[in-house]
Every structure is written in structure tokens, then in C-alpha cells.
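Chains as they are written, first to last, in our numbering: chain Y, 2 to 396; chain W, 2 to 396.
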């Protein structure tokens with residue numbers, strides 16, 4: 002006989018409310034209590050739920066045997082998840098920023114306490130990427146993982162490249178539809194994709210890398226010139242999280258725009274969808290697409306995690322226990338497109354080779370090869386100078 | 002301490018050999034003995050393996066604690082899998098035809114004997130569709146599943162529609178590359194897709210339907226006129242397995258060519274890849290793509306299943322135990338394109354409505370609405386008359 006799941010829920014935003022609605026239709030678990038900042042603000046949305054603003058009301062409730070953490074604040078989320086694990090309560094969380102920062106510690110606690118910590122909804126919303134990496138692709142030799150990990154940027158880029166919508170209008174539409182975080186730089190500068198990439202790399206390669214070691218550059222400084230360049234080359238700009246194992250067991254990680262040609266699967270992932278291509282030595286190329294955000298798709302992923310704990314499902318982090326975990330490296334040179342202002346920008350990036358130059362009043366670019374490590378060193382300065390850089394693979 | 006897996010392997014064709022090669026690189030399990038029709042034929046391919054042609058040599062070997070069945074012959078496969086389950090040995094099989102016919106009985110035996118029967122490689126090769134339906138999408142309200150389930154047909158159709166290759170040349174190339182079964186009608190007439198659809202419907206909807214109740218029509222009778230028609234409409238013909246839940250809890254199942262427009266995900270699945278779109282009420286649309294055939298991709302799926310039994314993983318067939326399992330029905334009218342010879346063909350199909358007619362010497366077609374049940378009744382006669390029919394959705 003399976004035990005009834007009584008959830009202590011933290012947060013009642015889009016995903017929390019989505020979970021509440023989902024459980025009304027599929028009553029496989031019960032929300033016993035909800036902790037939010039302003040209970041009075043939410044009570045009318047779900048009159049039958051019990052709201053509180055006090056964490057202790059959740060943790061002291063003997064009925065509650067499950068914690069679901071769906072709040073924005075990464076620091077508060079960390080305290081909640083840590084406390085839950087220390088109390089031996091199974092936890093499902095969607096907080097990618099918190100996970101990207103604290104994953105090694107939380108994995109340790111989870112193991113010591115012999116409970117569950119699941120978070121498939123944290124990376125790519127409804128797509129079960131983590132679960133598949135853990136359960137299905139775990140016996141193969143992993144080669145690479147890359148994907149569109151942020152639905153908001155992809156929505157904006159789709160509007161620009163498919164519908165010819167001006168950049169500012171696409172941004173405004175994304176904001177209007179609620180696709181942008183309250184702090185839009187999280188999406189647009191690539192930080193949201195970065196956190197997801199850090200989490201996915203743990204499951205795909207067994208390698209944990211602190212987020213601030215990884216080159217991350219978004220689409221904030223993309224201009225009409227850059228869009229025109231992509232269109233002329235019959236490519237689309239997509240914001241891509243990229244992890245790839247190279248010879249010598251090096252693992253390259255970065256988040257940056259890429260100029261993708263039509264023959265790439267990811268080229269066709271549109272709107273707020275996420276799409277991930279993973280490659281293994283034997284299984285070959287796998288491509289998974291689904292909604293990366295939104296209350297219902299994400300809460301459906303949360304519910305899948307909740308229900309998995311019924312049969313004591315846990316991530317096994319198998320790749321973290323291998324002898325030959327790949328080691329993170331920024332030591333690679335690759336081809337980029339750079340829109341720049343003056344020669345000092347080229348010096349800043351320290352190109353290994355420049356193969357193409359274009360110069361006109363108000364729009365200058367080069368195509369050439371740079372070191373990923375250098376890009377990472379000068380990232381903030383590039384942003385200050387409003388340069389735009391995109392990977393530009395030869396294919 | 003986990004027990005070492007000692008495999009008794011039946012079959013040493015493409016997938017069996019793929020598994021052998023995979024286990025050389027990732028030695029997580031051991032092939033103890035291989036049963037094939039002609040041991041001497043295979044011995045040189047793997048000198049260190051022990052080959053036999055006698056089933057008893059496998060079943061009497063006390064060391065063997067796992068059966069992997071990868072042979073072509075569905076009747077022999079059934080006997081092997083049944084015997085293994087009755088002996089309480091966990092089994093992984095890839096034989097879709099056998100499963101599509103005997104699934105209910107085998108599920109019963111597997112439960113009685115309290116052992117594992119896994120077969121993710123049987124449907125869509127390397128794509129973990131069954132596992133995801135079982136483990137991840139199992140709490141949602143399932144709406145539909147459709148996909149390219151046969152890599153050989155898709156390879157041929159890709160060559161025709163992307164490269165303008167003549168039909169006969171594409172067929173010859175597929176044969177040369179080993180993409181066609183020894184009996185090519187299995188692929189071309191849709192039977193292979195049918196078996197996979199039957200298996201997937203069990204996991205997606207909980208409904209088992211005997212294969213011969215499902216309308217199945219392939220691309221054998223597709224002519225240049227049909228290809229031209231698709232191209233003129235800017236569509237592509239793909240062979241699709243389709244399962245969809247309708248109001249009144251009806252489940253529609255069919256395998257037939259569809260004229261797909263560019264805005265469909267499946268439109269872009271090329272070559273020997275398989276692609277499946279599954280829809281749930283909450284999680285929305287999910288799209289999975291991967292190699293549907295080939296020794297290494299398929300054996301990678303076989304290995305995932307083998308390794309899953311280490312932690313006693315079993316399919317739970319959750320949807321089969323619901324109170325409201327949808328019931329199979331052919332009672333639906335939908336729009337098709339039909340290339341025909343004379344008026345008697347139109348009478349044969351008994352169109353509910355004809356909206357478009359084209360008539361020229363040697364090429365006649367109608368677009369209109371027919372009942373799926375009628376198509377199923379007259380399927381063999383349609384094939385005898387070499388008619389070509391394709392679903393032609395309004396979109």
C-alpha cells in the first residue's frame with residue numbers, strides 16, 4: 002500500500018499554481034499547506050488550500066511528508082531544500098540558480114540523509130532530460146549535449162527570425178506574454194541557460210563546474226546588423242548551452258549565441274520551446290523538444306518527480322562516480338562572428354586568426370578564431386563595450 | 002553489492018553484434034553464451050564468445066541469469082521469451098511483431114513470475130519512448146501519439162522528397178545500405194510501424210489492440226504522381242503511426258502515409274531517423290527524435306534495459322489499470338488524398354464527401370472524407386488495385 006503524498010509547497014507563482022491545477026484534475030497527491038510571502042494575496046486563488054508565510058508551519062506539520070520548492074529567491078530556496086533534506090523529507094525543486102550553486106553539497110546531504118532530491122523541472126521544463134541522462138543514456142559514452150535551454154530568448158529570436166519582427170517589439174511581446182523573468186537579464190544575458198547547463202553537465206558527464214567559470218554571453222547586445230548578417234548567411238541566431246567532451250578527457254562548457262544553419266535540428270525549435278541534442282558514442286544523436294516554461298508543462302514535470310519518489314526513485318549520479326570524469330576546460334579555439342566598434346576590441350579578444358572582415362560606417366564585423374578562455378576573461382568588458390559575439394561553426 | 006549480469010543471448014544479427022561491441026567498450030555485463038542457427042557462421046566474428054544452436058544450452062546454463070532475445074522469427078522469439086519468463090529470468094527483447102501479438106499474455110506471465118520483461122528497443126530503436134511514457138508522462142492525461150516509426154520508409158521518403166531521387170533508386174539505395182528487412186513489405190506496407198504502434202498504445206493509453214484490427218497502409222503503391230502532388234502542395238509524404246484519444250473515450254489507431262506541411266515537427270525528421278510527437282493535457286507537446294534502427298543505436302537501448310533490471314526496474318502498465326481505459330474504435334471520418342483508377346474505386350472507399358477531383362490520362366485523384374472503418378474493411382482490395390491513399394489534414 003503506497004503512502005498518500007501530502008505536499009508542503011513553497012511558492013505559488015506560475016508553476017506552483019500549475020501544480021495546484023494539475024492535482025485538481027489528477028488527484029494523485031495532496032497539497033497540505035502552501036508557504037508564500039503574502040498569504041492573503043493568494044488565498045482567493047485557491048480557497049480550499051491553507052496558506053501561510055511561516056516556514057515552520059510547513060516543517061512542523063506532521064502530516065506533511067513531501068516538500069516542493071517553487072520560489073524565485075535562490076537563497077531562500079537553498080535554506081528550504083537544505084532544511085527539508087536534513088529533516089529527511091523528499092524534495093522536488095525547480096530552482097536552477099540554487100541548484101547550479103549548491104548541487105555538490107545538496108547531493109551529499111541527500112545521500113547522508115537517504116532521501117530524494119529531484120529537479121527535472123529545473124532544466125528544460127517539461128522535457129525529461131535529466132531523467133533520461135540518468136536512466137537511459139547512462140551506459141553509453143557521452144559525447145556532447147547542446148540545446149536551447151531558455152524559452153524566453155528563443156521566443157524573441159523566433160519572432161525576429163521567422164516573422165521579421167523588430168527586436169524591440171519582440172522583447173515587448175515576450176514581456177507582455179509573461180515570458181521574461183522579472184529581471185530580464187537573467188534570460189537575455191544567458192544566466193538562466195548557464196544554470197541549466199551546469200545541472201545538465203553533472204548528469205551527462207559527471208562534472209560539476211561552478212557557474213562563474215563558464216563563459217556566458219547572451220543576446221542583449223544583438224543588433225539589426227547581426228540579424229541581417231545571419232539572414233544573409235541563411236542562418237538563425239539561437240542562444241545555445243553547449244557541453245562537449247574533447248580528446249584528453251577535456252570538457253568544454255559555454256553559453257553563447259550560435260549562428261545555426263538549417264540542417265541543424267535545433268534550428269527548427271521555435272517560440273518558447275526548448276530543444277536539446279545529446280550525442281552518445283553508441284546511441285548516436287537524440288533530440289528532445291518540449292515546452293521549456295509555463296505553469297502547466299513545468300508543473301507536469303514537477304508531478305512526474307513527485308510521483309517517482311513513490312517507488313523511491315533517486316538520481317544515482319553514476320557518471321560522478323566514474324574514474325575518468327572529464328575535467329572542465331576553456332582551452333579551445335573556435336570560429337566566431339564578432340560585431341565590434343574599433344581595433345581595440347579585436348585586441349581585447351586576441352584573435353588567433355581573422356578570416357573575414359567587414360567595415361562600414363556603423364557596422365563592422367570580423368569572422369575569426371578565438372580562445373574560449375580569452376572570451377571568458379574579457380566577458381564583462383565585452384558587455385560594457387556592447388560587442389556581439391556568436392559561435393559560427395563551419396558547416 | 003550488485004550481481005554480475007551473465008547474458009544468454011539469442012541472435013547475433015545487427016543488434017546482437019552491436020550489443021557485443023558495446024559491451025566490449027562498456028563492460029557492465031557479460032555475454033555468457035549465444036544461441037544462433039549456425040554457430041560456425043558467427044564464431045569467427047567473436048572468437049571469445051561461446052556459440053550454440055541449442056536453446057537448452059542457454060536455459061540449462063546455471064550461470065546465465067539474464068535472457069536477451071534479438072532474433073527475427075516472431076514465433077521462435079515468443080517461445081524463448083515465454084520460457085525465460087516461466088524460468089523467472091529477466092528478459093529484454095526487441096521483437097516487435099512477437100510483442101504486438103502476445104503482449105497481454107506475456108505481461109500476465111511476467112507479473113505471475115515476478116520478473117522483468119523490458120523492450121524499449123522494440124519501438125523506435127534508440128529513443129526511450131516506452132520508458133518515458135511509463136515513467137514520466139504517466140500522470141498526465143494523454144491526448145495523442147504519432148510518429149515516424151520505421152526508419153527504412155523514412156529513409157526512402159527523405160531521398161525522394163529532399164533529394165528528388167527517383168522512387169526505384171531510393172528503394173535500391175535503402176536495400177544496398179541494409180535498411181530494408183529481408184522481406185521489404187514489412188517496412189514498405191507499414192507492418193513494422195503497426196507492431197510498434199500496438200506496443201506504444203499499451204504504454205500511452207493502456208489499450209491493447211490486436212494488430213489486425215488496425216488500418217495499415219504503406220508506401221508500396223506510391224507513384225510519381227503522388228510525389229508530385231505532395232510537392233505541389235509543399236507537403237511531404239511520411240509514413241505515420243497515429244494514436245489519438247477522441248471524445249467518448251474512443252481511441253483511434255492507424256498506420257498510413259500522411260501529407261505533412263512544413264509546420265509539423267515530424268516533417269523535418271530525415272533519413273533513417275524516427276521521430277515521435279506525444280501530447281498530454283498538461284505537459285503539452287513533446288517531440289523525441291533518434292535513430293530508429295542500426296546495430297549500435299538499438300543495442301544501446303537494449304543495454305539501457307538490461308542495466309535497468311539491476312535496480313529491479315519493471316514497466317508498471319499503469320494506464321492498463323485505470324478505470325477509464327479508452328476503447329479502440331475505427332469510427333472516425335477524416336480527409337484523405339486518394340489516387341485511383343476508375344469510379345469503382347471511389348465506390349469501394351464509399352466517400353462521405355469529395356471536395357476535390359483531378360482527372361487526366363494516367364493520373365486521377367480525389368480529396369475527400371472517408372471513414373477509417375471503411376478503409377480497414379477494404380484494405381486488401383485497395384492494395385490489390387494498387388490505389389494510394391494518404392491522410393491529408395487541413396492545416
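Just so you know, even glycine gets a beta-carbon here, dropped at the ideal spot from N, CA and C.
Cβ-based contacts, 8 Å cut-off: residues of the segment 204 to 229 of chain Y near chain W: none
Residue 383(Y) versus residue 320(Y): straight-line alpha-carbon distance, rounded: 35 Å
Those residues which DSSP pairs with residue 246(Y) across a bridge: 252(Y)
Where residue 40(Y) falls: helix, strand or coil (DSSP): helix
Helix, strand or coil at residue 224(W) [DSSP, three-state]: coil
Contact the segment 152 to 170 of chain Y vs the segment 266 to 274 of chain Y: 3+ CB pairs below 8 Å: yes
Continuous alpha helix (DSSP H) stretch holding residue 160(W): start and end: Under the DSSP assignment, residue 160(W) falls in the alpha helix (DSSP H) whose first and last residues are 152 to 164.
Alpha carbon of residue 276(Y) to alpha carbon of residue 290(W), nearest angstrom: 11 Å
Inter-residue Cα distance where the pair is residue 98(Y) and residue 197(Y): Distance between the alpha carbons of residue 98(Y) and residue 197(Y) is about 8 Å.
Alpha helix (DSSP H) runs contained entirely in the segment 306 to 382 of chain W, provided each spans 4 or more residues: Complete alpha helix (DSSP H) runs here, min 4: 344 to 350, 373 to 378.
Best match in 324(Y), 72(Y), 67(Y), 241(Y) for proximity to residue 54(Y) [C-alpha to C-alpha]: 72(Y)
Distance CB(residue 219(W))-CB(residue 258(W)) smaller than 9 Å: yes
Neighbour flag for residue 138(Y) against chain W, beta carbons, 9 Å: yes
Per-residue DSSP class, three states only, for residue 31(W): strand
Contact set between residue 95(Y) and chain W, taken where Cβ atoms lie within less than 9 Å: The premise fails here: residue 95(Y) is roughly 14 Å from chain W at the closest Cβ pair, so nothing lies under 9 Å.
Other residues of its chain near residue 296(W): CB distance less than 7 Å, five sequence neighbours each side excluded: Within its own chain, the residues whose Cβ lies closer than 7 Å to the Cβ of residue 296(W), once the five positions on either side in sequence are excluded, are 15, 16, 18, 19, listed in chain order.
Residue-chain proximity (residue 13(W), chain Y), Cβ-Cβ < 9 Å: No, residue 13(W) does not count as interfacial toward chain Y.
CB contact below 9 Å: residue 322(W) versus chain Y: no
C-beta neighbour in chain Y for residue 45(W), strict 9 Å: no
Contact belief for residue 239(Y) with residue 149(Y) at Cβ below 8 Å, rounded distance in angstroms: 6 Å
Cross-strand partners of residue 216(W) (DSSP beta bridge): 255(W)
C-beta atoms of residue 29(W) and residue 11(W) nearer than 9 Å: Their beta carbons are not under 9 Å apart, which means residue 29(W) does not touch residue 11(W) by this criterion.
Runs of beta strand (DSSP E) lying entirely within the segment 50 to 129 of chain W, each at least 3 residues, in chain order: 67 to 70, 92 to 94
Within 9 Å, strictly: CB atoms of residue 123(W) and residue 151(W): no
Neighbour list for residue 29(Y) in chain W, Cβ cutoff strictly below 7 Å: 140
Min CB distance residue 151(Y) to chain W below 9 Å: no
Proximal residues to residue 228(Y) (C-beta, below 8 Å), its chain only, five neighbours per side dropped: 161, 162, 168, 238
Span separating the alpha-carbon of residue 111(W) from that of residue 125(W): Distance between the alpha carbons of residue 111(W) and residue 125(W) is about 23 Å.
Assigned exposure category for residue 362(Y) - 16 Cβ within 10 Å defines buried: exposed
Short CB-CB distance (under 9 Å) between residue 305(Y) and chain W: yes
Alpha carbon of residue 118(Y) to alpha carbon of residue 340(Y), nearest angstrom: Rounded to whole angstroms, residue 118(Y) to residue 340(Y) spans 43 Å at the Cα level.
Residues from the segment 122 to 137 of chain Y in contact with chain W, defined by Cβ distance under 8 Å: 127, 128, 129, 132, 133, 136, 137
Beta-carbon gap between residue 389(Y) and residue 222(Y) smaller than 9 Å: yes
Burial state of residue 265(W) (16 or more Cβ within 10 Å): buried
Listed by chain order, chain W residues near residue 143(Y) by CB distance under 7 Å: Chain W residues near residue 143(Y): none, gap ~11 Å exceeds 7 Å.
Terminal residues of the beta strand (DSSP E) in which residue 276(Y) lies: 274 to 281
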